[in-house]
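*Asks:*
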Amino acid sequence: MTSSKHRRVGKRAPKIDAYEAVTGRTQYADDLTFPGMLHAKLVRSPHAHARLLNIDGRRALQLEGVHAIITGKDMPTPYGILPWTQDEYALCLERALFVGDAVACVAAVDETTAFRAAELVDVEYEVLPHVLDPGEALLEGAVKVNDFAKKGNVTKHVHLEFGSPDEELGRSDIVAGGDYFFEGNTHVPIEPHCAIGVMEPTGVLTVISSTQVPHYLHRELSRVLEIPYNRVRVIQPAVGGAFGGKSEPFDLEFCVGKLAMITGRPVKLLYTREELFYSHRGRHPMKMTYKLGAMRDGTLTACDARTLIDGGAYASFGLVTSYYSGQLVPGPLRLSAYRFDSTRVYTNKPACGPKRGHGSVQPRFAFEVTLDRLAEQMNLDPIEIRRRNAIEAGERTINELLIRSTGFVECLGRVEEASQWKEKYRKLPFGRGVGVAGSSYITGTNYPIYPNEMPQSAVQLKVDRSGRITIFSGVSEIGQGANSMLATVAAEELGVEDQAIRVVTGDTDLTPVDLGAYSSRITLMAGNACRIAAEAVATRIRRAAAGRWDCAPEDVELVGGNVLGSGEEVPFAEAVTWAESDEGTLSEVGHYNTPRDVHGSYRGGTIGASPAYSFTAHVAEVTVDDETGVVKVERIWVAHDAGKALNRTIVEGQMEGSAYMGFAEAILEAQVFHPTGLHQGPSLLDYRIPTTLDTPDLVSIIVESDDPEGPYGAKEAGEGPLHPSIPAIANAIYDAVGIRVDTLPFSPSQVLSLLSAKRAEVEKPRV
Amino acid sequence: MIPKPLELRINGDLMRTSASPVRTLLEFLRYDVGLTGSKQGCDKGDCGACTVLVDGKPILSCITLAHEVSGCSVETVESLAQGAALHPLQQAFVTRGAAQCGFCTPGMLMSAKALFDSSEPVTRDGIRRALAGNLCRCTGYTKIIDAVEDASDGQADSPGDAK
């Protein structure tokens, strides 16, 4: 279908939930209260590693208004988001593994009393030696961090080799390389995590949570709290930002559930801002060594990557992180050989997990800067080297991932033109520079988190006699526009306005399963499911109208809130009554499952396999002050191949938000820990996220490659556009002042010391 | 602590009530009055999600005690729309896609309203300065600044493809 045929898809439109948002009516978890509701607080370990000798809650329970206290012994079943690495407890059982690991939870009549009670819980610790550095954690005799680790402190080691990388590097005319360090950072949604447990008299436990994965939470609550799966209900209200930081079960969700079961009263737990920095599950620190070869004509040969990943105390999604750190690197380009070796290590720090661009933002930085070095050594324009090696639609990457559509070359061309690259690159005065980088990212994963053959996403679509359409879906609206996307698809297929559509999501009792808001999967998967359901409804309406008008169903059109054909026209609602009269209640189901046969033919080849890959290119322009070392990012041009932008405003919003977040990681943010394991500054004053004054101008350019698998050709837009920000800024700094910033973030002190080292190099007398 | 009498105006309505001397204005609004539009993002005055107007000036309600604004007039996000009619700022936020998750939106709108109501000529730099105390993690601020600019130009009701 060509885009001109679309009535609704590809246009600009407000988010369907925007009206509630701007009037302050949107209800987030902490906006909800229940009669008799108690408030809970967690007791957290002050030690990076300690054995729990005794937890005495008597003093806390004596405080007026305290109702209950629970510890790890109340929930001794280990859990974890991946079934292969269930290595944590709702509350620590025997040992606390990082500063901030939760060991007990109290429930009291109000928040103030709960805070006081938490301070009165007497925990006797035996402090144990701890290890914070992943390199040290790998040494012989290092303290064992997590008992579930099969070998030493290794969560996962992946070694994959495609072709003959050593031979290919050996025959290359030029080989470039670098050692890189990507400091960890965290999500910082403006809404802190919040959960409420409500025990219904019928024996059903409802947990309302600011989660982005209600389905996985549903499963784990049932397992850990030992309640039948069909007696747990998870409700996900509006979520105030997530970015991957709410994509696995957390201590608070189990605790409010357990405390509601014990007390019989609703229980709410709201994290403090400080707690978010310790609950974390953000970007992994990675040490990376990269080598990349090319022939004199600019053809890339092999890439060789070694990566050490600092995982923190628990596995989280770490098994996948280890694979993604290598699997998603070749993406936009053609290589003749590739090897990666990635090791994720446990340390006594808050666990890392998935943050927007999971596992691939760090290696993308290393790869794109190495590529910039290579281009420079060859005296080739860095846009040109990417263009020459760009993979084409229908090809497989060196690690066998199938690329069905790519707009990468167009992305490069668009940022080249928009940024006036040719007039700027190597031509701006000292202190000012431009840099380019590219990337590719998954649009969902072909294989779900727990092995099963069921659909990854489903939609029920019901139409009542008024013409009102209700869409039931398990997707998680976290600000990215999932609900609006469903409405757009239904409006397109049924020819109605958004106002005729209601979207019900995020409630395991009311909606069919969707696996959640992670890996940029919803638009493609739920979009396809919704389209199938809406098409089925449209088919029934066409059939009913055609029967009355004596024409073929294909000649009946649904448009503008009406149904037309054969010179006749009736309001949509009237045609609905015909369809209901003919064949019964008008309700249809659509579901989507991924193409399972599409993956690499090797062990691990299913990880990184996606129905569709997005592509992005950025050009960043920076000013570097060589007196202060301050890097000012003036502007980032972002071109992103979203396949088809179902709503241009929302897609641009994702692109701008992604580029902003990448910029923030490049320049400002770092999750840094004191040698004791304490966070260096767990507040928004110390951990500085960009304000309106810091953020550069962001120019978004939508590219559409029309993917064969995506609904109307759509691919993801929420994560891919983050990746190139960081290497584009690093490459621009090189263009500006001739230094390679290989460590994140690009702080003034790093820039100054590199500048002075460079000056010393230049001034060194030649012998 | 024992509640003490408190009299103030909230969104135009005079309230004669009482509140604990240690109750913050944000807690008072959210939990005592039931106006949950103002948000708690940090409870330390760092994020701006709790911004409300007190006698027309933007303040951080999470680090202001309810009793500090005794006798004052407080405006929250709930006061912006007049019946079903959105304020031009609200309309511009809707049209421009300036609200993604929406959590910073109420505070952002109130800071923007202080600028909107002032006699200062509105520039993009001026908007950036006026909103510098309100953190947003979703948008990269571009569409928020666009929206405030639109509303100030009186373009809020123009269709979305203005760009």
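Respectively, the protein sequence lines represent chains A and B. Take the first sequence: its position 489, counted from the start at 1, is 489 in this note's numbering, and no numbers get skipped. Take the second sequence: its position 20, counted from the start at 1, is 1020 in this note's numbering, and no numbers get skipped. Glycine is no exception: its CB is placed at the ideal position from the N, C-alpha and C atoms. Just so it is clear, the structure is predicted and the values come from calculations on it, not from any experiment.
Quick one: using the 10 Å Cβ neighbour count with 16 as the cut-off for buried, is residue 38/A buried or exposed?
*Replies:* Classification for residue 38/A: buried.
*Asks:* Alpha carbon to alpha carbon, what distance is there between residue 701/A and residue 430/A?
*Replies:* Taking the straight line joining both Cα atoms gives about 28 Å.
*Asks:* Mark residue 1161/B as exposed unless 16 or more other C-beta atoms lie within 10 angstroms of its C-beta, in which case mark it buried.
*Replies:* In this prediction, residue 1161/B scores a pLDDT of 40, lower than 50, which makes its location untrustworthy; no coordinate-derived value is stated.
*Asks:* Return no unless some Cβ of chain A is closer than 8 Å to the Cβ of residue 1106/B.
*Replies:* By this cut-off, residue 1106/B is an interface position.
*Asks:* Quick one: which chain A residues come within Cβ less than 7 Å of residue 1140/B?
*Replies:* Correct list: 656, 657, 659, 660, 695, 698.
*Asks:* Alpha carbon to alpha carbon, how far is residue 275/A from residue 1042/B? Give it in angstroms, no decimals.
*Replies:* Roughly 10 Å separates the two Cα atoms.
*Asks:* Starting from residue 733/A, trace the alpha helix (DSSP H) both ways and give me its first and last residue.
*Replies:* Where residue 733/A is concerned, the enclosing alpha helix (DSSP H) stretches over 725-737.
*Asks:* With a CB to CB cut of under 8 Å and the five nearest residues on each side skipped, what residues in its chain are close to residue 92/A?
*Replies:* The answer, listed in chain order, is 45, 52, 72, 101, 102, 103.
*Asks:* Can you confirm whether residue 1044/B, when its beta carbon is compared against all beta carbons of chain A, has any partner nearer than 8 Å?
*Replies:* Yes, because at least one Cβ of chain A sits closer than 8 Å to the Cβ of residue 1044/B.
*Asks:* Give the straight-line distance between the Cα atoms of residue 110/A and residue 191/A, rounded to the nearest whole angstrom.
*Replies:* Whole-angstrom Cα-Cα distance: 20 Å.
*Asks:* Which residue or residues does DSSP assign as beta-bridge partners of residue 107/A?
*Replies:* Its beta-bridge partners are 40/A, 68/A.
*Asks:* For residue 359/A, count neighbouring C-beta atoms within 10 Å of its own C-beta (all shown protein chains included) and say buried if the count is 16 or more, exposed if not.
*Replies:* Buried, since its Cβ has 16 or more Cβ neighbours within 10 Å.
*Asks:* What are the residues in the segment 17-46 of chain A lying within 8 Å of chain B by C-beta distance?
*Replies:* Answer set for the segment 17-46 of chain A: 17, 18, 19, 20, 21, 22, 23, 24, 25, 26, 27, 28, 30, 31, 33.
*Asks:* From what residue to what residue does the beta strand (DSSP E) around residue 1125/B run?
*Replies:* Where residue 1125/B is concerned, there is no enclosing beta strand (DSSP E), although the alpha helix (DSSP H) it sits in stretches over 1124-1130.
*Asks:* Beta carbons nearer than 8 Å to chain B: which residues of the segment 478-492 of chain A have them?
*Replies:* Within the segment 478-492 of chain A, the qualifying residues are 478, 479, 480, 481.
*Asks:* Check this for me: beta carbons of residue 444/A and residue 606/A, under 8 Å apart or not?
*Replies:* Taking 8 Å as the Cβ cut-off, residue 444/A and residue 606/A do not qualify as a contacting pair.
*Asks:* What does the alpha-carbon distance come out to for the pair residue 1156/B and residue 1090/B?
*Replies:* Confidence in residue 1156/B is poor, its pLDDT being 46 and thus under 50, which makes the residue's placement unreliable; the coordinate value appears in the next sentence. Roughly 9 Å between the two C-alpha positions.
*Asks:* Flag residue 188/A as yes if its beta-carbon sits less than 8 Å from any beta-carbon of chain B, otherwise no.
*Replies:* It does; some Cβ of chain B falls within 8 Å.
*Asks:* Applying the 10 Å Cβ sphere with the 16-neighbour rule, what's the burial state of residue 676/A?
*Replies:* With fewer than 16 other Cβ atoms within 10 Å, it is exposed.
*Asks:* From the DSSP output, in three-state form, read off residue 333/A for me.
*Replies:* Residue 333/A falls in the strand class under three-state DSSP.
*Asks:* Note down, in chain order, all residues in the segment 231-252 of chain A with a beta-carbon under 9 Å from any beta-carbon belonging to chain B.
*Replies:* Per Cβ criterion, the list reads 238, 239, 240, 241, 242, 243.
*Asks:* Leaving out five residues before and five after residue 108/A in sequence, what residues of the same chain have Cβ atoms less than 7 Å from its Cβ?
*Replies:* Once the five neighbours on either side are set aside, the close Cβ partners of residue 108/A are 38, 39, 65, 66, 67, 114, 117.
*Asks:* Using a Cβ-Cβ cut-off of 7 Å (strictly less than) and excluding sequence neighbours within five positions of residue 534/A, which residues of its own chain qualify?
*Replies:* Excluding residues within five positions, the ones whose Cβ falls inside 7 Å are 461, 489, 490, 493, 494.
*Asks:* For the segment 413-483 of chain A, which segments carrying the alpha helix (DSSP H) assignment without a break, of at least 4 residues, lie completely within its bounds, in sequence order?
*Replies:* You should have 421-424.
*Asks:* Got a sec, what are the start and stop residues for the beta strand (DSSP E) residue 1006/B sits in?
*Replies:* Segment 1004-1010, the beta strand (DSSP E) holding residue 1006/B.
*Asks:* Would you mind stating whether residue 143/A and residue 742/A have Cβ atoms separated by less than 8 Å?
*Replies:* In this structure, residue 742/A does not lie closer than 8 Å to residue 143/A by Cβ.
*Asks:* Reducing DSSP to helix, strand and coil, say where residue 350/A ends up.
*Replies:* Residue 350/A falls in the coil class under three-state DSSP.
*Asks:* Per DSSP, residue 491/A forms a beta bridge with which residues?
*Replies:* Answer is none; residue 491/A lacks a bridge partner.
*Asks:* Nearest to residue 268/A by alpha carbon, out of 280/A, 279/A, 252/A?
*Replies:* If we check each option's Cα against that of residue 268/A, 252/A comes out closest.
*Asks:* I want to verify the contact list: residues of chain B whose CB lies under 7 Å from the CB of residue 653/A, in sequence order.
*Replies:* In chain order: 1097, 1100, 1139, 1143.
*Asks:* Closer than 8 Å, Cβ to any Cβ of chain A: which residues of the segment 1058-1073 of chain B, in chain order?
*Replies:* Hits within the stretch: zero.
*Asks:* From the DSSP output, in three-state form, read off residue 1074/B for me.
*Replies:* Here residue 1074/B sits in strand by DSSP.
*Asks:* Considering only C-alpha positions, which residue in the set 401/A, 672/A, 615/A is nearest to residue 644/A?
*Replies:* Ranking 401/A, 672/A, 615/A by Cα distance to residue 644/A puts 615/A first.
*Asks:* Does any C-beta atom of chain B lie closer than 8 Å to the C-beta of residue 683/A?
*Replies:* By this cut-off, residue 683/A is an interface position.
*Asks:* Can you tell me whether DSSP reads residue 227/A as helix, strand or coil?
*Replies:* DSSP places residue 227/A in coil when its eight states are reduced to three.
*Asks:* What residues in its chain sit with their C-beta under 6 Å from that of residue 1101/B, if we drop five residues either side in the sequence?
*Replies:* For residue 1101/B, where only same-chain residues beyond five positions count, the Cβ hits under 6 Å are 1138.
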